Every structure is written in structure tokens, then in C-alpha cells.
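Residue numbers (our numbering): 2 to 432. C-beta: ideal position from N, C-alpha, C; glycine also. Note that the structure is a prediction, hence the values are computed from the model and not measured. Worksheet: the structure to be examined is printed underneath.
Right, here's the structure in full:
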């Protein structure tokens with residue numbers, strides 16, 4: 002194996018001593034982090050989301066401080082990459098569902114092999130495997146003896162499609178575009194992609210199709226994408242919770258019962274997929290007046306298997322004129338982050354022309370990335386938006402530039418729950 006001379010240099014600039022790579026990244030902050038973790042953990046309860054996330058971030062800071070750059074590099078390039086593909090493989094063959102059938106008790110490799118119809122030698126080889134062994138080393142499952150493993154709560158959750166389907170989605174539909182990201186940038190002069198038909202996604206998939214069209218042309222991936230979106234939103238605060246957005250004060254109060262020819266509309270969910278948000282709204286506000294209307298493309302609406310009859314389904318392309326005029330609120334959930342600014346202007350235009358001044362609201366459920374201290378759940382999505390859609394997650398300044406200067410709306414308020422959760426951007430026509 003080749004070795005270096007113990008130094009690293011950046012062009013003709015400062016020479017960096019290689020010993021920095023084998024020393025803890027920030028040992029000096031460890032005592033204060035331990036104090037913070039001890040204080041935060043004393044009264045923590047399982048339903049204290051903010052407290053748990055604050056403590057978790059401190060724990061991650063502690064790990065980063067204790068790790069050496071070498072260890073972090075190997076974790077990123079080797080251990081985590083291998084873990085991802087081991088988890089994807091385990092999901093493909095039904096490993097985690099099988100491990101969960103015993104109620105959490107340990108399973109011998111031989112019994113797993115029989116249940117999965119593998120040859121024992123193959124599974125043991127994959128177990129000594131090499132797959133099970135690495136997953137145990139990373140803490141995703143627990144090794145209880147030679148050739149014996151039991152599930153953790155994480156691996157039990159991997160038996161649930163909305164959790165597990167993130168792995169085939171990224172393994173088969175998103176990893177390749179991300180792998181070609183640096184090459185595409187180099188070929189295009191390190192400029193951000195602007196074209197839906199020419200970006201790292203089209204380059205990596207060797208197609209001219211934008212990502213959503215590519216999904217429709219590859220039906221299995223479209224299914225896992227929809228499942229993954231359910232997992233992505235699992236357990237997150239909802240925009241309609243009183244602590245996030247005041248539905249009672251800002252929507253229900255002041256509702257005009259006489260608009261829309263005697264059939265007034267409370268909420269139009271534009272591009273609302275299977276209607277999960279409207280179903281939740283009806284469940285949380287059963288006495289709210291007005292109609293609830295779900296709009297999406299026919300191919301999406303046709304796949305709905307369960308939705309209350311009171312929620313109207315309307316085939317609609319959000320690049321065409323909005324057929325419902327004067328609704329109390331028009332709502333989009335992570336729609337604009339899928340598109341570059343010019344396309345967003347066209348989408349917003351259709352909503353704006355249907356709104357009534359002083360009455361209608363346009364509610365956008367989107368990330369608002371802060372200028373400092375951005376959360377990783379928003380920053381990783383921002384990179385994938387660039388790679389897959391030539392789009393981005395936006396800062397407050399970005400949203401003001403797009404919605405106020407380019408689209409001519411007035412932003413009333415950013416209702417931001419923090420911790421990487423999407424905010425509600427409340428807009429109206431200028432007064």
C-alpha cells in the first residue's frame with residue numbers, strides 16, 4: 002500500500018500536517034457537550050419532540066467532536082455506504098419482515114435461510130455473512146450469538162413499507178443521478194442545473210424525461226416513491242396543528258358561506274396526491290364549513306383506494322387556469338420545491354388569478370432554510386432537488402423574491418415550527 006510523506010498541500014498554499022487526520026476533530030468542546038447532554042437528558046420524556054431533537058443534535062455534535070477525520074471519512078465512504086446497500090438488499094429479500102415475525106426473539110441463520118428459501122451456506126456466507134454481520138456492527142440489528150441475530154426497533158420498522166421503501170427508491174432511482182452529480186457539474190462548468198430535461202437526473206438515468214415522467218415510465222419506482230413520501234412525513238408536526246398554523250382564526254373565522262354559487266370552498270389542495278392532507282384536515286376540524294377539494298392529475302386520482310366521499314376529487318393540471326374561484330384557501334404541499342423559479346411563476350399565476358382580495362389565502366407548505374444553522378433534513382433535500390429537478394429548497398429571501406417580486410403576492414407570515422419541518426408560507430393578494 003502506498004503511503005504519503007505525512008503532509009498535505011492545497012496548491013501552493015498552506016501545508017497541512019497529516020496527523021490532524023488521526024486526532025479528534027474538536028476534543029476541547031467535549032466537556033461542555035457532556036454537560037449539555039446530561040442536563041438535557043435528566044427530564045426527557047418520549048413525547049417531548051423538541052427536547053429529544055435538541056438532545057439528539059448535541060449527541061451528534063459529541064460524535065463529530067470525538068471522531069477523527071479518518072474515522073469520519075471511512076464512515077462516509079465505507080461503513081454508511083455499505084450499510085445502505087445492505088439494508089436495501091435485506092428489504093428486497095424480505096429479511097426484516099422475517100426477523101420481525103418472532104416478536105423480537107433471536108433467529109438462527111439456518112432458520113432465516115429456510116424461511117427465505119436461501120441455501121444455508123449462502124445465507125451464512127452473506128451473514129458471516131457478511132450482510133448481517135455489518136448491520137450488527139453498525140447497530141441496525143443485534144448479534145446475540147454465533148450465527149444468531151435479533152431485530153432492533155429500527156429493523157422492525159423496516160418491515161413497514163412506508164419506512165422500508167425509501168431504500169429501493171434511493172438505491173434504484175436516486176443513487177445513480179447523485180453519483181453522476183460531480184461529473185455533470187464539471188461538464189457544465191460547475192453551474193447549477195436550470196433545465197428539467199438536462200440535469201444530473203437525466204444524465205444519470207440516460208433519459209430526456211424529467212424525474213416524475215421517468216417515475217411514471219418505471220411503475221415500481223412510482224409506487225415506492227409514494228410509500229416513501231408517507232414515511233418521510235411520519236411523526237412530523239402537521240401544518241394544521243394549532244401550534245404551527247392558526248386554522249381556527251385564519252381560515253374558519255371569516256369564512257364566506259355565500260361564495261361559489263352557494264357551495265363555498267374552504268380548502269383546495271393543489272397537487273394533493275392521494276388526499277392525505279385533506280383527510281387529516283377533515284379529521285381534525287370535522288365542523289369546519291365549506292367544501293374540501295382535492296386536485297391532481299387523473300392518473301394519480303385513479304389510484305386512490307380510500308378517501309372520504311365528502312372530499313371532492315377534481316382532475317387538474319396546476320399549469321392550467323384554476324377552475325375554482327374564490328376559495329378561502331389554496332394549498333400546496335412541497336410542490337414549488339420541485340421546480341425552478343420560472344415554472345413556479347406559472348404555477349402561482351394560476352392560483353393568484355383565482356383568489357379574492359382580502360379573503361383568499363395561498364398556503365404553501367415548504368421548507369424555509371434559515372441563514373444560519375440549517376437543519377440536515379432541509380439541506381439534504383435541497384441537494385436532491387438540484388440533482389433530480391433542477392430546483393431547490395429556498396431561504397426566506399428566496400421566497401420573498403419569488404412570491405412577492407416575481408409573482409406579485411404579499412407574504413403575510415412564515416409559520417415555521419423549526420427542527421427541519423416545513424413551514425407554512427401564508428400569502429394573500431396585495432391590499
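Who are the Cβ neighbours of residue 128 in its own chain at under 6 Å, not counting the five residues just before and after it? Within the chain shown, residue 128 is the residue found at index 127, counting from 1. Because the pLDDT of residue 128 is 49, which lies under 50, any placement of that residue in the model is unreliable, and the question is left without a value.
Extent of the continuous alpha helix (DSSP H) to which residue 220 belongs: Residue 220 sits at position 219 when you count from the first residue of the chain shown. 220 to 234 is the span of the alpha helix (DSSP H), which, as asked, contains residue 220.
Opposing strand residues paired with residue 396 [DSSP bridges]: Along the chain shown, read from residue 1 onward, the residue named residue 396 stands at position 395. For residue 396, which the question treats as bridged, DSSP gives the partners 370.
Supposed contact pair residue 326 and residue 292 - C-beta distance, whole angstroms, cut 8 Å: Here residue 292 corresponds to residue number 291 of the chain shown, with the count starting at 1. Here residue 326 corresponds to residue number 325 of the chain shown, with the count starting at 1. Incorrect: roughly 13 Å between the Cβ atoms, too far for contact.
Length of the line joining the Cα atoms of residue 346 and residue 151: Position 345 of the chain shown, counting from 1, holds the residue named residue 346. Position 150 of the chain shown, counting from 1, holds the residue named residue 151. Each residue's alpha carbon lies about 52 Å from the other.
In the DSSP assignment, the beta strand (DSSP E) including residue 293 goes from what residue to what residue? Taking the first residue of the chain shown as 1, we reach residue 293 at position 292. Residues 292 to 297.
Taking DSSP as the reference, what is the three-state secondary structure of residue 429? The count along the chain shown starts at 1 and reaches residue 429 at position 428. Looking at residue 429 - three-state DSSP - the assignment turns out to be strand.
Classification of residue 243 by the beta-carbon crowding that lies within 10 angstroms, buried from 16 upward: Position 242 of the chain shown, counting from 1, holds the residue named residue 243. In summary, residue 243 is exposed, with fewer than 16 beta-carbon neighbours lying within 10 Å of its beta-carbon over all protein chains present.
Kindly indicate which residue of 51, 74, 45 has the alpha-carbon position closest to the one of residue 26. What you label residue 26 is simply residue 25 of the chain shown in a count that begins at 1. Closest option to residue 26, Cα to Cα, is 74.
Across which residues does DSSP place residue 377 in a beta bridge pair? As a position in the chain shown, residue 377 is number 376, starting the count at 1. The partner list for residue 377 (beta bridge, DSSP) is empty, contrary to what the question assumes.
Span of the beta strand (DSSP E) around residue 433: The first residue shown for the chain is 2 and the last is 432, placing residue 433 beyond what the model contains.
Could you have a look at residue 108 and say whether DSSP puts it in helix, strand or coil? Locating residue 108 in the chain shown gives position 107, where the first residue counts as 1. Here residue 108 sits in strand by DSSP.
Endpoints, alpha helix (DSSP H) assigned at residue 314: In the chain shown, counting from the first residue as 1, residue 314 sits at position 313. Where residue 314 is concerned, there is no enclosing alpha helix (DSSP H), although the beta strand (DSSP E) it sits in stretches over 312 to 316.
Mind checking residue 333: buried by the 16 CB within 10 Å criterion, or exposed? Indexing the chain shown from 1 puts residue 333 at position 332. Classification for residue 333: buried.
How is residue 328 classed by DSSP in three states: helix, strand or coil? In the chain shown, residue 328 corresponds to position 327, counting from 1. DSSP places residue 328 in coil when its eight states are reduced to three.
For residue 181, count neighbouring Cβ atoms within 10 angstroms of its own Cβ and tell me buried if that reaches 16, exposed if not. Numbered from 1 along the chain shown, position 180 holds the residue referred to as residue 181. Burial of residue 181 is indicated by the presence of at least 16 other C-beta atoms within 10 angstroms of its C-beta.
Let me know the secondary structure DSSP gives residue 242 once reduced to three states. Start at 1 with the first residue of the chain shown, and residue 242 comes out as number 241. Residue state, collapsed to three classes: coil.
Where does residue 248 fall in DSSP's three states? Residue 248 sits at position 247 when you count from the first residue of the chain shown. In this structure, residue 248 counts as helix in the three-state DSSP scheme.
Roughly how many angstroms lie between the CA atoms of residue 86 and residue 172, to the nearest whole one? Stepping through the chain shown from its first residue, residue 86 is reached at position 85. Stepping through the chain shown from its first residue, residue 172 is reached at position 171. Rounded to whole angstroms, the gap between the alpha carbons of residue 86 and residue 172 is 7 Å.
Using a Cβ-Cβ cutoff of less than 7 Å, which residues in the same chain neighbour residue 41 once the five nearest sequence positions on both sides are dropped? Stepping through the chain shown from its first residue, residue 41 is reached at position 40. 52, 55, 56, 59.
Rounded C-alpha distance that separates residue 270 from residue 362: For this step, residue 270 is matched to residue 269 along the chain shown. For this step, residue 362 is matched to residue 361 along the chain shown. C-alpha separation (whole angstroms): 12 Å.
Do three or more CB pairs link the stretch 29 to 39 to the stretch 353 to 361 at distances below 8 Å? no
Let me check one thing: in DSSP terms, what residues is residue 412 bridge-paired to? Counting from one through the chain shown, the residue named residue 412 turns up at place 411. Per the DSSP secondary-structure output, residue 412 pairs in a beta bridge with 428.
Apply the 10 Å Cβ neighbour rule to residue 200 and answer buried if 16 or more other Cβ atoms are within range, or exposed otherwise. Here residue 200 refers to the residue found at position 199 of the chain shown. Flag for residue 200 reads buried.
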